[in-house]
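In my numbering, the protein residues as written are 32 to 246.
Step one of this worksheet: look at the structure below.
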């Protein structure tokens with residue numbers, strides 16, 4: 032078949048079409064196997080359908096299918112267009128309760144396991160179901176998990192990054208230490224350390240001795 036070039040990577044049109052079909056088949060099977068699942072993670076596609084496939088080809092396959100209204104990419108999740116998780120009334124209420132718990136807590140969030148246990152106890156649904164509902168909030172980008180213990184509203188994390196960068200702009204070397212970060216963010220050390228480690232991982236900050244450079 033004809034050849035395509037994507038960011039300098041060559042692939043035949045037939046191979047590209049085959050990849051598109053594989054992605055759609057994978058999503059079809061995913062939705063059929065788990066009614067509570069909102070979206071499959073891009074990471075899971077990378078370890079399966081896109082294993083050994085260059086990132087540029089992966090991006091082009093997903094964007095072409097999204098442009099054709101075959102699938103939607105939301106945050107780090109991918110779903111077939113029009114497919115939503117099938118939730119019972121109790122599950123819908125639990126999802127909203129978890130969403131509210133993290134949103135209202137802002138930066139003083141309870142531990143993830145505490146939220147899941149409370150949601151399960153209040154609604155009578157299993158912890159396993161509560162965990163799947165929590166995963167929906169992560170897949171959609173509404174929540175950001177920064178460590179095994181803590182997750183925050185994506186909006187709150189975005190606002191904190193802006194606040195951090197605004198502070199850095201007032202400092203000659205754009206650096207911040209833990210005590211100053213606690214002050215800027217308005218959080219205790221319990222949250223400051225995992226937040227800073229998450230920011231390091233996301234390349235928002237870079238560790239320099241006992242300080243961080245805000246990038």
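The C-beta atom is built at its ideal place from N, Cα and C for all residues, glycine as well.
Note that the structure is predicted; figures quoted are calculated from it, not measured.
Here residue 102 really is in contact with residue 109; their C-beta atoms are around 6 Å apart, less than 8 Å. The C-beta distance from residue 80 to residue 47 rounds to 13 Å, too long to fall under 8 Å, and the pair is not in contact. In the assembly as shown, residue 167 is a buried residue. Its beta-carbon has 16 or more other beta-carbons within 10 Å. A Cβ-Cβ separation of about 31 Å leaves residue 50 out of contact with residue 164 under the 8 Å criterion. In this structure, residue 147 and residue 158 form a Cβ contact; the two beta carbons are roughly 6 Å apart against a cut-off of 8 Å. For the 8 Å CB-CB criterion, residue 107 and residue 73 form a contact. Exclusion of the five residues before and after residue 239 leaves 206 as the residues of its chain whose Cβ lies within less than 7 Å of its Cβ. Separation of the CB atoms of residue 218 and residue 138 is rounded to 5 Å, and the pair is thereby assigned contact status at 8 Å. For residue 195, the closest alpha carbon among the candidates 209, 35 and 105 is that of 209. Pairing residue 124 with residue 115, the inter-Cα distance amounts to about 16 Å. Between residue 111 and residue 58, the gap from beta carbon to beta carbon is short of 8 Å. Annotation: residue 182 to residue 153 spans about 20 Å, alpha carbon to alpha carbon. Residue 75: member of the alpha helix (DSSP H) spanning 73-78, first to last residue. Under a 10 Å Cβ-count criterion, residue 190 is classified as exposed, with fewer than 16 other Cβ atoms of the shown protein chains found around its own Cβ.
A direct Cα-to-Cα measurement between residue 61 and residue 113 gives close to 14 Å. According to the DSSP assignment, residue 223 belongs to the alpha helix (DSSP H) that extends over 220-232. Non-local C-beta neighbours of residue 234 in its own chain, meaning closer than 7 Å and more than five positions away in sequence, comprise 246, ordered along the chain. For residue 143, the number of other beta carbons within 10 angstroms of its own is at least 16, and it is reported as buried.
Note on geometry: alpha-carbon atoms of residue 226 and residue 193 lie some 14 Å from one another.
In the three-state reduction of the DSSP assignment, residue 174 falls in the strand class, which pools E and B. Beta-bridge pairing by DSSP links residue 243 to 207 and 238. For residue 148, the three-state secondary structure derived from DSSP is helix. A straight line joining the alpha-carbon of residue 171 with that of residue 105 spans about 6 Å.
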